[in-house]
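Asks: Mind looking over this structure? Questions follow.
4 protein chains.
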Amino acid sequence: MKALVFHGPGSKAWEDVPDPAIQEPTDVVVRIDTTTICGTDLHILHGDVATVDAGRILGHEAVGTVTEVGPAVTSFAVGDRVLVPAITRCGRCSYCQQGMPSHCQTVGGIGWILGHLIDGTQAEFARIPYADTSLYAVPKGVTNEQAIFLADSLPTGYEVGVLAGGVRPGHTVAVVGAGAVGLGAILTTGLWGASKVIAIDSNKFRLETALEFGATDTVEAGSDVVGQVLALTDGLGVNVSIEAVGYPETLQTAAKLVRPGGTIANIGVHGVPVELPMQDMWIQNVTLTMGLVDTVSIPTLLTMVESGRLPAEKMGTHSFGFDQLDDAYDVFAHAADNSALKVVITPAA
Amino acid sequence: MKALVFHGPGSKAWEDVPDPAIQEPTDVVVRIDTTTICGTDLHILHGDVATVDAGRILGHEAVGTVTEVGPAVTSFAVGDRVLVPAITRCGRCSYCQQGMPSHCQTVGGIGWILGHLIDGTQAEFARIPYADTSLYAVPKGVTNEQAIFLADSLPTGYEVGVLAGGVRPGHTVAVVGAGAVGLGAILTTGLWGASKVIAIDSNKFRLETALEFGATDTVEAGSDVVGQVLALTDGLGVNVSIEAVGYPETLQTAAKLVRPGGTIANIGVHGVPVELPMQDMWIQNVTLTMGLVDTVSIPTLLTMVESGRLPAEKMGTHSFGFDQLDDAYDVFAHAADNSALKVVITPAA
Amino acid sequence: MKALVFHGPGSKAWEDVPDPAIQEPTDVVVRIDTTTICGTDLHILHGDVATVDAGRILGHEAVGTVTEVGPAVTSFAVGDRVLVPAITRCGRCSYCQQGMPSHCQTVGGIGWILGHLIDGTQAEFARIPYADTSLYAVPKGVTNEQAIFLADSLPTGYEVGVLAGGVRPGHTVAVVGAGAVGLGAILTTGLWGASKVIAIDSNKFRLETALEFGATDTVEAGSDVVGQVLALTDGLGVNVSIEAVGYPETLQTAAKLVRPGGTIANIGVHGVPVELPMQDMWIQNVTLTMGLVDTVSIPTLLTMVESGRLPAEKMGTHSFGFDQLDDAYDVFAHAADNSALKVVITPAA
Amino acid sequence: MKALVFHGPGSKAWEDVPDPAIQEPTDVVVRIDTTTICGTDLHILHGDVATVDAGRILGHEAVGTVTEVGPAVTSFAVGDRVLVPAITRCGRCSYCQQGMPSHCQTVGGIGWILGHLIDGTQAEFARIPYADTSLYAVPKGVTNEQAIFLADSLPTGYEVGVLAGGVRPGHTVAVVGAGAVGLGAILTTGLWGASKVIAIDSNKFRLETALEFGATDTVEAGSDVVGQVLALTDGLGVNVSIEAVGYPETLQTAAKLVRPGGTIANIGVHGVPVELPMQDMWIQNVTLTMGLVDTVSIPTLLTMVESGRLPAEKMGTHSFGFDQLDDAYDVFAHAADNSALKVVITPAA
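Protein chains in written order, with the working numbering: chain A, 1222 to 1570; chain B, 1222 to 1570; chain C, 1222 to 1570; chain D, 1222 to 1570.
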């Protein structure tokens, strides 16, 4: 088959590789019908993720069709349309049994192994371990173009932003950074009844898009963000402040927007330490959360998409075929400039 | 002033009574600008509520204007527009401090005292005890015609139905009985992300109204309700089954609609014992909740109304002046026949 | 091998049967080192459980040693000492993924299949399906005589009583029925900081034992139970009222003991409907819970036993060998008369 | 009367001042029978708390007897023995109604006003505002020497450490810093069923005391703390890591001790920013909590003391009379060297 192979920092190629096959009785092989690119794939290509070896097939998001099943697999059969999430779940370690497969002890101490510790989904086929507990059947009423964003972006915004932040009916929410994941958070604040959702970004396309995704207010970064958010929230700040960028400054800003008793939910992937003003914060009864997505919210999100209440397809702004993967990476690498959110990649564009 | 006085079963009159005055330093007096009628008022008139003495002014729901404040009141001033909820909260007993003023130990072991143990709100003026902890300021963007339904019906549907039932994103919900309170539950399921909301009633007007209030499906009572609900919920039943009628049969029906692990939230006021099929239910890991409203969700509901996300005014179908109170009672007493939900009563119609 | 075979109501025999073997890749075979008898086994013998066919090997609790593993099993190896809980968990259906294997959709819609829908553990060996997600490794510091009660009785008292009841620090708790499961609830109330634990039973041995298990007060059934419990709880009743018998009268008593806002946690297995005084209860803001154990608390309970803080071995009052199984059943069937709680059964007494 | 008056950094005196009197209808005056000193009092004397003016009477913890009540006070009468907690609660602002009086908007945006924004409790008498919602009756079975530590230290360790940290049955807990507040956390971990509690400090007296307070293990600061804690917790770290010191290094240590999915509960009062290794932490699914005590757990703690299950009196190691207040401050300022935890101060020693 063909697959997108990482050849070290700055280098990748869509090339011939051996077909994947069942290795363990709990494996399945999936034909990839739709995949996409994640910010993490860009980090890998930049050489920022030391645990990815050269030769690795990239990608950890897919919708596909089961083509082969291991003898211990009981939940899926050849021909089933499935969602391949970013997280692989053994289902049996203590973390998986607590609903936290992000730290599955069996597959590597971390649940993100596809396109990382084992070959991934930017390929014609992929082997998926622990299929029974990792894959999700895609309901009939949900399209591939909707389901693909439930593999990572939407659950990340939802779980690490909205759920960890504890959004509840009547809450005010700020989202610092309206890229794909921040927009995923914005789109799902409505599931918990937020009354006011303030999007903060420096890019006008993203701010406009945020309003379409459910934001009620926007604030342009660079201006007096804190002052404007306080003015929108009776001077006390928001109940939940979501950080979806990953820099010290953006986390520090998020921390300034939250009211006493509120939560700062960090989604951003950080590369350096962050200085927190604990001399001011300790007395504020605030909570700071962070983490890798578990993808355990996928059944809920699929239900909401199926019910017509979650327009997940809005995340996809550009489409490409496998033979246009280089273009897809280029567009996604400069998403804000290209008015792009997420790209939809299929065998033929 | 004039007020609606209860003169024993079947008898009431809009008549002259002494003006209310401050009795305790924590009291205020409120001029009633809008009030309404509750099913409980009908029960009192039927003679079903032994704790209401003849001579009592009826009514426990109002929006009004503060005309006098006791010396210990700090949160409200003369001229403030306030919501008078069904529940009076001392704010200092252990129940109030736990957020459960429905059982306030100070005001009578029960928080519902207006129009019950003390004079109520179907009057030109009313004295409200423990004003600081009982009243709510009405935000500018919320009209009297919206706020009035937050005094009792909507918080009852929301707290005793949606909150007690534990509705969560993706859940399926059944509501047995689409009267005012059942519709209040339906209207607020969206605050917690329900994916499917099934209204069950024998009245076609109510079923049509349910769809306007956010129900996704309707089932006519008398048909094979259980079969139809199971068919709508992959054969397992709903996550949350809300009873909003108050008869043994309706609670038994609600109990049959819930899936293993789900919750039956009883809102109905019952007059007789109910036989539960515990021989079938014990193994189902279900929860049965019940109770009087606390009205502590009012700040959340006011915020949602103010944000434009909760059209509370939909509850009001008919308007009357104080001099038409008899008509108002007649219409409300036969609400289903009159295509009525709740009545709006103001000094001049 | 030899096993205890059910031959229809009133009839059982310890007899030769074929050895169990691996049937599915997810199975293991376990040599039974310790087992016990559950009240449910008595129900089966009385002919009360229609789903148990003649020919079935009884028993659903065991500590044993793995003797054979299926090719898909990764968490256990031959020689491992394991706890076999009452509930079999596929780990992949929606119920298992929500932590509610009591209703595992894969193994039969109910998680209790051992000694029920498939052969059980009162035998020299047993086949255990879905071993990776069903079995628990027994820590070195925990003896077989401690672990055996974590297969069913203790988790039932803990999950269906203490957890479902929502016991929290400072709470008062009543336990109606101080048999093995009620005592399991009493023993674990301390994990959640109960301040007062009132045991109610008609048997003096059980009441004395309750004090040893952590009860602070006892009330003899038949006396003015409600009056005595109210006197012990400032006139309002307990926060959590646990029913551990299974009759209408005992559930009705439990319902009378709870304060407004409290929870009635039904553990009892009921055979007939129960009439609830909803005309009094609806206004009390109480919650009624019920259900089959999930056994998902076993890791917590094993940790507490290992730490020396949960003396699970206290549940075992009598020991028998496999060749004394008839005696074991006799003693257990008349537990109260025999000052017995649970019996410990091993290959050789 | 006499009181301890702050005269600016480094200066205080036990001197004559005017008697306090009722100012608002919600006030009471309390005769101080027992008080104590808090670390915050030392900070004030060091000049670290800019909001304390010279002339202020110090102290925010007391057990006393009501000597005068305002006309709006209904819960307390002259002669009642009451606990005066560190936090004053108006009971009517949105923060108080949410159970978070630490940020009471009425009394100053912060609930700690005694000995801070108004005169405090290191005095013969003190005026207490909002008495109905701020004071707690002391049960007969609880001594002054027990109750005094429920005014601040114990609820701080419990609420900001154990509750915010989310300790649950079976959890492992580390407490960095075994001073009075850290020991308060250790003492209350048992209310939530912790299985292992590791105390970390540089002082041997404190480590020995920690074992008496319920710690199961101790680690001496300065050694390989992280390595030792990992060795005690199967290599993954603790579920809950409580910081009770207030320095960047101790918070950084606490952050290294927590396992994926765990919580770092910061109790320490910080004076400078803290650099957090977000490049390592973001992926760990950890939560960082912090805040001022609400003292709303006092009813629970009083119940547990009354039941004999919480030996609060262990916090008091030294006793002084009002005329020995200088000695009391000296001993407490060098608590570790003096084998002191908290001091008990009464009118006559």
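Cβ atoms here follow ideal geometry from the backbone N, Cα and C, with glycine treated the same way.
Note that the structure is a prediction, hence the values are computed from the model and not measured.
1) Using a beta-carbon distance cut-off of less than 8 Å, what residues from the segment 1322-1345 of chain B approach chain C?
2) Using the C-alpha atoms, what's the distance from Glu1464/A back to Asn1487/A?
3) For Val1235/C and chain D, any beta-carbon pair shorter than 8 Å?
4) Indicate whether at least one CB of chain A lies closer than 8 Å to the CB of His1491/D.
5) For the segment 1351-1382 of chain A, which residues have a CB atom closer than 7 Å to at least one CB atom of chain C, in sequence order?
6) What span of residues does the alpha helix (DSSP H) with Asp1254/C cover, start to end?
7) Using CA atoms only, rank isn't needed, just tell me which of Gly1260/C, Ser1462/C and Ile1253/C is closest to Thr1385/C.
8) What does a CB cutoff of less than 7 Å around Glu1600/A pick up in its chain, not counting 5 residues either side in sequence?
9) Is the beta carbon of Val1238/D closer than 8 Å to that of Gly1285/D?
10) Specify whether the segment 1264-1275 of chain D and the segment 1316-1328 of chain D touch according to this definition: at least 3 beta carbon pairs, one from each stretch, less than 8 Å apart.
11) Are Thr1516/D and Pro1306/D touching if we call contact CB-CB under 8 Å?
12) Please report the straight-line C-alpha distance between Lys1361/C and Ala1557/D, rounded to a whole angstrom.
13) Three-state secondary structure (DSSP) at Val1418/A?
14) Closer than 8 Å is the cut-off here; do at least three beta carbon pairs connect the segment 1489-1498 of chain D with the segment 1486-1504 of chain A?
15) Which residue's Cα is closest to the Cα of Trp1413/A: Ile1485/A, Ile1421/A, Gly1435/A and Ala1399/A?
16) Against chain B, does Met1502/A count as a neighbour if the rule is that its beta carbon must be under 8 Å from one of theirs?
17) Determine, for Glu1496/B, whether the minimum Cβ-Cβ distance to residues of chain C falls below 8 Å.
18) Once DSSP output is grouped into helix, strand and coil, what is the label at Arg1302/A?
19) Kindly indicate which three-state DSSP category Ala1557/B falls into: helix, strand or coil?
20) If you drop the 5 nearest sequence neighbours on each side, which residues of the same chain put their C-beta closer than 7 Å to that of Tyr1550/B?
21) With DSSP run on the structure shown, which of helix, strand or coil describes Pro1360/C?
22) Is the shortest distance between the beta-carbon of Gly1403/D and the beta-carbons of chain C less than 8 Å?
23) Would you list, in sequence order, the uninterrupted alpha helix (DSSP H) runs of no fewer than 4 residues that lie entirely inside the segment 1383-1453 of chain D?
24) Counting pairs of beta carbons, one from the segment 1382-1396 of chain D and one from the segment 1468-1486 of chain D, are three or more of them closer than 8 Å?
25) Could you give the C-beta distance for Ala1569/A and Gly1529/A, rounded to a whole number, given that I count them as a contact under 8 Å?
26) Can you name the residues of chain D whose CB is closer than 7 Å to the CB of Thr1247/B?
27) What residues of chain C sit near Pro1306/B, judged by a beta carbon separation below 9 Å?
28) Note down, in chain order, each residue of its chain lying with its Cβ closer than 8 Å to the Cβ of Val1447/C, except the 5 sequence neighbours on either side.
29) Which residue from Ile1566/D, Val1388/D, Thr1256/D and Thr1430/D puts its Cα closest to that of Leu1619/D?
30) When the Cα of Ser1355/A is compared with those of Ser1560/A, Thr1327/A, His1555/A and Pro1390/A, which residue comes out closest?
31) CB-CB under 7 Å to Arg1310/A, same chain, minus the five flanking residues each way: which ones, in chain order?
32) Quick check: is the beta carbon of Gly1391/B nearer than 8 Å to any beta carbon in chain A?
33) Any residues in the segment 1403-1420 of chain B with a beta carbon nearer than 7 Å to a beta carbon of chain A? Which ones, in chain order?
34) Checking 8 Å against the spacing of the C-beta atoms, do Ala1298/D and Ile1253/D come in under that value?
35) Going straight from the alpha carbon of Ala1293/D to that of Gly1312/B, what length do you get?
36) Tell me whether Gly1456/D is buried or exposed, calling it buried when 16 or more other Cβ atoms sit within 10 Å of its Cβ.
Replies: The answer reads as follows:
1) Within the segment 1322-1345 of chain B, the residues whose Cβ lies closer than 8 Å to some Cβ of chain C are Ser1323, His1324 and Ile1331, listed in chain order.
2) Walking along the first sequence from the start, residue 1487/A turns up at place 266. Walking along the first sequence from the start, residue 1464/A turns up at place 243. Here the alpha carbons of Glu1464/A and Asn1487/A stand approximately 5 Å from one another.
3) Here residue 1235/C is taken as the residue at index 14 of the third sequence, counted from 1. Note that residue 1235/C is Trp in the sequence shown, not Val. Contacts with chain D at 8 Å (Cβ-Cβ) do not include Trp1235/C.
4) Within the fourth sequence, the letter at position 270 stands for residue 1491/D. Put simply, the CB of His1491/D is near chain A, with a gap under 8 Å to one of its CB atoms.
5) Under the 7 Å Cβ criterion, the segment 1351-1382 of chain A contributes Asp1353 and Thr1354.
6) Numbered from its first residue, the third sequence carries residue 1254/C at position 33. In the DSSP assignment, Asp1254/C falls outside any alpha helix (DSSP H) and lies within the beta strand (DSSP E) extending over Val1249 to Thr1256.
7) Here residue 1385/C refers to the residue found at position 164 when the third sequence is read from its first residue. Thr is not the amino acid found at residue 1385/C; the sequence shown has Ala there. It is Ser1462/C whose Cα lies nearest to the Cα of Ala1385/C.
8) Because residue 1600/A is not part of the residues shown, which for chain A are 1222 to 1570, the question remains open.
9) Sequence index remark: in the fourth sequence, residue 1285/D carries index 64 (1-based). Sequence index remark: in the fourth sequence, residue 1238/D carries index 17 (1-based). Contact flag unset, no.
10) Inter-segment contact for the segment 1264-1275 of chain D and the segment 1316-1328 of chain D is absent: fewer than three beta-carbon pairs are separated by less than 8 Å.
11) Position 295 of the fourth sequence, counted from the first residue, corresponds to residue 1516/D. Position 85 of the fourth sequence, counted from the first residue, corresponds to residue 1306/D. The criterion of a C-beta distance shorter than 8 Å is satisfied by Thr1516/D and Pro1306/D.
12) Against the third sequence, residue 1361/C aligns to sequence position 140. Against the fourth sequence, residue 1557/D aligns to sequence position 336. Computed Cα separation, rounded: 39 Å.
13) Reading the first sequence from its first residue, position 197 is the one you call residue 1418/A. Val1418/A: strand per DSSP, three-state reduction.
14) Yes, they touch.
15) By one-based count along the first sequence, residue 1413/A stands at place 192. Checking every option, the nearest Cα to that of Trp1413/A belongs to Gly1435/A.
16) By one-based count along the first sequence, residue 1502/A stands at place 281. No, because no Cβ of chain B sits closer than 8 Å to the Cβ of Met1502/A.
17) In the second sequence, residue 1496/B corresponds to position 275, counting from 1. Chain C places a beta carbon closer than 8 Å to that of Glu1496/B, counting this residue as a contact.
18) Within the first sequence, residue 1302/A is the residue found at index 81, counting from 1. Arg1302/A sits in a strand when the DSSP states are folded into three classes.
19) In the second sequence, residue 1557/B corresponds to position 336, counting from 1. Ala1557/B falls in the coil class under three-state DSSP.
20) To locate residue 1550/B, count along the second sequence from 1; it is residue 329. Cβ-Cβ distances below 7 Å link Tyr1550/B to Ile1258 in the same chain, with the five nearest sequence neighbours on each side left out; the list follows chain order.
21) Here residue 1360/C refers to the residue found at position 139 of the third sequence. Pro1360/C falls in the coil class under three-state DSSP.
22) The count along the fourth sequence starts at 1 and reaches residue 1403/D at position 182. Not an interface residue.
23) Within the segment 1383-1453 of chain D, the complete alpha helix (DSSP H) segments at least 4 residues long are 1401-1410, 1425-1433 and 1446-1453, listed from N- to C-terminus.
24) Touching, yes.
25) Indexing the first sequence from 1 puts residue 1569/A at position 348. Indexing the first sequence from 1 puts residue 1529/A at position 308. Taking C-beta atoms under 8 Å as the contact rule, Ala1569/A and Gly1529/A fail to qualify, at a distance of about 28 Å.
26) Within the second sequence, numbered from 1, the residue matching residue 1247/B stands at position 26. Under the 7 Å cutoff, chain D gives Ala1293.
27) What you label residue 1306/B is simply residue 85 of the second sequence in a count that begins at 1. None at all; the shortest Cβ gap to chain C is about 16 Å.
28) The residue given as residue 1447/C occupies position 226 in the third sequence. Only Thr1474, Lys1477 and Leu1478 meet the Cβ criterion.
29) Chain D is shown from 1222 up to 1570; residue 1619/D falls before or after that span and cannot be answered.
30) Within the first sequence, numbered from 1, the residue matching residue 1355/A stands at position 134. Measuring C-alpha to C-alpha distances from Ser1355/A to each of Ser1560/A, Thr1327/A, His1555/A and Pro1390/A identifies Thr1327/A as the nearest.
31) Start at 1 with the first residue of the first sequence, and residue 1310/A comes out as number 89. Cys1317, Pro1322, Cys1325, Gly1332, Tyr1351, Thr1354 and Ser1355, listed in sequence order.
32) Walking along the second sequence from the start, residue 1391/B turns up at place 170. With respect to chain A, the C-beta atom of Gly1391/B has a partner C-beta closer than 8 Å.
33) Within the segment 1403-1420 of chain B, the residues whose Cβ lies closer than 7 Å to some Cβ of chain A are Leu1412, Trp1413, Gly1414, Ser1416 and Lys1417, listed in chain order.
34) Translated into positions along the fourth sequence, residue 1298/D becomes position 77. Translated into positions along the fourth sequence, residue 1253/D becomes position 32. It is not a contact, given that the beta carbons lie outside the stated cut-off.
35) Taking the fourth sequence and counting its residues from 1, the one referred to as residue 1293/D is at position 72. Taking the second sequence and counting its residues from 1, the one referred to as residue 1312/B is at position 91. Distance between Ala1293/D and Gly1312/B, taken at the CA atoms: about 13 Å.
36) The residue given as residue 1456/D occupies position 235 in the fourth sequence. In summary, Gly1456/D is exposed, with fewer than 16 beta-carbon neighbours lying within 10 Å of its beta-carbon over all protein chains present.
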